[in-house]
Amino acid sequence: MQGIKVVGSINMDIIMSSARLPETGETIKADKYYMYPGGKGANQAVSVARTGVKPQLIGKIGNDYFAEMITNYLRKENLDLCLTYGDKTGIAMINVESSGKNMITVYPGSNGNMSYDDFHNIELKNSIVMFQQEIPLKTIRDFISSNRENGNLFITDPSPFSEDNYILENSGILTPNETEAQLIAGCAINSIEDAEKASTLISGKYKNNVIIKLGSRGSISNFEGEIKYHKPYNVKTVDTTGAGDCFNGAFASEFLRTGDVDKSMEFANIAAALSTTGYGAFPSFPYRNQIISIMEDE
1 MQGIKVVGSI NMDIIMSSAR LPETGETIKA DKYYMYPGGK GANQAVSVAR
51 TGVKPQLIGK IGNDYFAEMI TNYLRKENLD LCLTYGDKTG IAMINVESSG
101 KNMITVYPGS NGNMSYDDFH NIELKNSIVM FQQEIPLKTI RDFISSNREN
151 GNLFITDPSP FSEDNYILEN SGILTPNETE AQLIAGCAIN SIEDAEKAST
201 LISGKYKNNV IIKLGSRGSI SNFEGEIKYH KPYNVKTVDT TGAGDCFNGA
251 FASEFLRTGD VDKSMEFANI AAALSTTGYG AFPSFPYRNQ IISIMEDE
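If you want it as structure tokens, here you go:
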């Protein structure tokens with residue numbers, strides 16, 4: 001593989017931090033307020049970049065004030081930006097409580113009408129290509145069908161969840177979280193053993209490799225039928241926003257570099273944990289040297 005391409009959403013994240021989340025119909029006061037770029041595509045691309053690989057981010061934003069802020073932020077990261085423009089930039093409203101739990105409402109904006117035709121001059125070849133599902137599923141299908149013979153490895157994060165059979169069966173690696181894995185496998189996950197079983201069901205269903213992200217409980221990998229549990233790296237969590245995206249980007253970066261699943265899983269678990277120690281998505285994402293330092297000490 002020659003590099004990493006991230007095809008996905010780009011948002012402006014507006015984050016409110018409070019002692020607890022509001023109940024329905026309730027107004028509460030926030031302790032802190034932040035505004036940072038986000039979206040699963042942008043998040044994963046920044047995670048890839050901070051962990052040592054310069055990716056290409058392929059996405060769509062609006063012709064508005066938020067777009068200017070986003071591009072200014074992203075230009076400071078080690079990214080190759082391939083952007084087109086629509087009407088409005090996507091926005092995510094995020095409420096975070098002191099335990100780190102959150103509630104998120106997303107307005108897709110230009111992400112919602114992003115199409116493969118917007119990028120007809122882009123060639124995806126001999127690359128790790130990362131997808132999430134905050135852009136139209138048809139767009140992802142078109143990217144896959146037009147580039148599936150070009151030596152690419154497609155990594156799909158099926159979030160927000162929608163079980164599109166074509167996308168999932170043509171992805172070399174699926175990376176659901178616990179909730180998504182339960183929906184795809186059709187079984188409850190109440191333990192590590194349940195997660196291992198779910199990985200087998202998903203792999204059997206779609207004939208691919210599977211990573212299940214279990215948050216503070218670690219992760220499961222099922223590659224070529226070999227199932228392994230990967231322990232978490234424990235930290236004091238303040239905000240879990242973007243942790244799954246950080247995991248995906250870190251895994252892809254290290255997997256491109258080493259081809260070693262176990263090392264890449266450990267690397268990604270540490271990266272995702274560190275990302276929960278600060279507020280916002282990629283503002284809290286760690287850099288490669290931070291992760292390597294922890295790995296060397298363990």
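Quick note, the sequence shown lines up with residues 1 to 298 if you use UniProt numbering.
Even for Gly, the Cβ is constructed at its ideal location relative to N, Cα and C.
Since we're looking at a predicted model, the values are computed, not measured.
Counted as a single uninterrupted DSSP element, the beta strand (DSSP E) harbouring K228 occupies residues 226 to 230. Take the alpha-carbon of D245 and the one of N147: they are about 23 Å apart. Under DSSP, L57 forms a beta bridge with V6, L81. Counting along the chain, S264 sits inside the alpha helix (DSSP H) bounded by residues 261 to 275.
Beta-bridge pairing by DSSP links M103 to N95. Excluding sequence positions up to five before and after V106, its CB lies within less than 6 Å of the CB of A92, all in the same chain and listed in chain order. In the three-state DSSP reduction, G249 falls in the helix class (H, G or I). When secondary structure is reduced to three states using DSSP, L256 falls in the helix class. A distance below 8 Å separates the beta carbons of F154 and F131.
In this structure, the beta-carbon distance from I167 to I144 falls below 8 Å.
One alpha carbon belongs to K231, the other to I28, and they sit about 37 Å apart.
Cβ atoms of G39 and E134 come within 8 Å of each other, at about 6 Å. The residue among I4, R141, E180 with its C-alpha nearest the C-alpha of P160 is E180.
Under the 8 Å Cβ criterion, the stretch 273 to 285 does not count as touching the stretch 79 to 89, having fewer than three qualifying pairs.
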